[in-house]
Structure formats: structure tokens, C-alpha cells
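Sequence order for the protein chains is A and B. With this note's numbering applied, the first sequence has no gaps in its numbers, which climb one by one up to 122 at the end. With this note's numbering applied, the second sequence has no gaps in its numbers, which climb one by one up to 124 at the end.
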Amino acid sequence: DSGVTQTPKHLITATGQRVTLRCSPRSGDLSVYWYQQSLDQGLQFLIQYYNGEERAKGNILERFSAQQFPDLHSELNLSSLELGDSALYFCASGQGETQYFGPGTRLLVL
Amino acid sequence: AQTVTQSQPEMSVQEAETVTLSCTYDTSENNYYLFWYKQPPSRQMILVIRQEAYKQQNATENRFSVNFQKAAKSFSLKISDSQLGDTAMYFCAFMPLVGKSTFGDGTTLTVKP
Chain A
13 DSGVTQTPKH LITATGQRVT LRCSPRSGDL SVYWYQQSLD QGLQFLIQYY NGEERAKGNI
73 LERFSAQQFP DLHSELNLSS LELGDSALYF CASGQGETQY FGPGTRLLVL
Chain B
12 AQTVTQSQPE MSVQEAETVT LSCTYDTSEN NYYLFWYKQP PSRQMILVIR QEAYKQQNAT
72 ENRFSVNFQK AAKSFSLKIS DSQLGDTAMY FCAFMPLVGK STFGDGTTLT VKP
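Right, here's the structure in full:
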């Protein structure tokens, strides 16, 4: 157990819908990272927050947005969902450069 | 932009033997961090080992060690005394001091009894 929690574990929704994924970092970690892992593929970096502010941005679609709240938890919002958005979404947290991953949220768009 | 290449999509090793997974990367930065993560069938991402680019000494964690060649931009992972529980996908990752993280496409390792 890395100490990073993600909810929900599984999510099934329809195309065009909007969902919110939640992440609680390890105690004391200021950084939160979001990744997307499609089936049998590597991890694609989406975005990083540090103490509430955006720190780095990857190839995150305009339909996706994220934020980190004052209590340091983070949410990833995915809207106008498409079939291709079906993936495992990971959150990671860390104090320095080492990232500790949560168990992920499995999103299935039908 | 940084790139990370894992040239071995699949590998296998006999239990108790040693195996080396390769990783090369490309960057213009001088200070950065490199990692190996393991993803078993449960799909949990587990940190295996970490290397700071400014350290010449290769990192070691129990049965896991790396061969870090900064000039060649190479970062291989050696697993000694392979165990059945080592069966997983292994990802090499590049993390700059500031900016986006980059993961390789992974190497699927199967440990055979």
C-alpha cells in the first residue's frame, strides 16, 4: 500500500458524459501527478500540481481538467467522454522527485 | 522533449537466474532522476529503484541493481535470483527536476519455474 488513495476504483459511463476522479496523496506530499494508461500501453503523463498550483503539463486533452485543493487532494475531470478515453487513470504523489502511485481508477466508456 | 526507449517488449528468465532489462533515454538536461517501476497483473505501479543523475554510484535495492551510464544515456535494470513474483511489466521512467515525466513502453518479464 503506497498510501495514495483513489476513488472510485471502477467507473462505467456512456459517451458524452462527464466524470470526476479523486485522489488523496500520501500524508505530507505536496505534489500530485495524473497519468493515463490505455490497454497494453505505457503511462502518459497528464498534469502535475504542487501545493495547489499547476507545475507541469503533458498531453492533456482540452476536455480534461484537474485541480488540487487546499487540503492537497486532487480531482481530474473528464468531460464529453469518448470511447478512446477508456483507460486506467493513475494518481501519484511525492515530496521530491520520487512518485508513489495509487491503485488507479478503471474507466470504461460505453 | 525527452524520450525513453525500452527495446525489449518481452523477456523471460528461469527462476533463480539473472536477467537484465534495457532502457535508453534522450535528454539535453544534466540533472534528472531515473526510475524503474514494476506493474504486476494487479496493475498497481510499484517503485523498484531510483537513480539520481548526479550520482556516479549505481543504485542497488536487494536483488535489484542498475547500470547507469550517463554519457551513453543508458539505464538498465538487473534482477538477480529471479523469483516467480518478479513476473510483471517493468517501466523505465525519466523525471526532470521540473517538467513532465516520461515513461517507456514497458518490458513484460516472465519468470519461469
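Cβ atoms here follow ideal geometry from the backbone N, Cα and C, with glycine treated the same way.
Euclidean distance between Cα positions of residue i and residue j
i, j, result
"P20 (chain B)", "G96 (chain B)", "19 Å"
"Y62 (chain A)", "V44 (chain A)", "6 Å"
"G115 (chain B)", "S50 (chain A)", "14 Å"
"R61 (chain B)", "V109 (chain B)", "17 Å"
"D97 (chain A)", "N89 (chain A)", "12 Å"
"Q80 (chain A)", "P37 (chain A)", "10 Å"
"L93 (chain A)", "T113 (chain B)", "25 Å"
"N42 (chain B)", "H22 (chain A)", "38 Å"
"T32 (chain A)", "Q55 (chain B)", "20 Å"
"S18 (chain B)", "T121 (chain B)", "16 Å"
"M22 (chain B)", "Q94 (chain B)", "14 Å"
"N69 (chain B)", "E63 (chain B)", "9 Å"
"Q80 (chain B)", "S53 (chain B)", "32 Å"
"R75 (chain A)", "T71 (chain B)", "42 Å"
"P82 (chain A)", "G114 (chain A)", "20 Å"
Cβ pair residue i, residue j closer than 9 Å
i, j, result
"T117 (chain A)", "P20 (chain A)", "yes"
"Q13 (chain B)", "F102 (chain B)", "no"
"P107 (chain B)", "T29 (chain B)", "no"
"V121 (chain A)", "T25 (chain A)", "yes"
"Y112 (chain A)", "W46 (chain A)", "no"
"S87 (chain B)", "S33 (chain B)", "yes"
"K111 (chain B)", "K69 (chain A)", "yes"
Chain-order list of residues whose beta-carbon lies under 7 Å from that of residue i (same chain, five-residue window excluded)
i, result
"R74 (chain B)", "I90, S91, D92"
"T35 (chain B)", "T16, K84, S85"
"K49 (chain B)", "I57, V59, A99, Y101"
"S77 (chain A)", "N89"
Check: residue i C-beta below 8 Å from any heavy atom of the ligand GTP
i, result
"F76 (chain A)", "By its list of ligands, the structure shown contains no ligand whatsoever, and the ligand GTP lies outside what it can speak to."
Of the residues the options, the one placed nearest residue i, counting alpha carbons only
i, options, result
"E40 (chain B)", "B:A82, B:S87, B:L88", "B:A82"
"F59 (chain A)", "A:L119, A:P82, A:S86", "Note on residue identity: the sequence assigns Ile, not Phe, to residue 59 (chain A). The option with the nearest alpha carbon to I59 (chain A) is A:S86."
"G15 (chain A)", "A:Q29, A:C35, A:G28", "A:C35"
"N71 (chain A)", "A:A78, A:S77, A:F57", "A:F57"
"L45 (chain B)", "B:K66, B:T118, B:T119", "B:K66"
Sequence-distant residues of its chain with Cβ nearer than 6 Å to residue i (five each side left out)
i, result
"A27 (chain B)", "D92"
"Q29 (chain A)", "L93"
"Q25 (chain B)", "K123"
Under 9 Å from the C-beta of residue i: neighbouring residues of chain D
i, result
"V109 (chain B)", "Although the question refers to chain D, the structure presented lacks it and instead comprises the protein chains A and B."
Same chain only: Cβ atoms within 8 Å of residue i, ignoring 5 sequence neighbours per side
i, result
"E65 (chain A)", "Q80"
"R67 (chain A)", "S43, Q60, Y61"
"T27 (chain A)", "L93, E94, L95, V121, L122"
"L55 (chain A)", "Y47, Q48, Q49, F102"
Check: Quick one: any contact between the stretch 26-43 of chain A and the stretch 91-110 of chain A, if contact means 3 or more CB pairs under 8 Å?
Finding: Contact holds: three or more Cβ-Cβ distances are below 8 Å.
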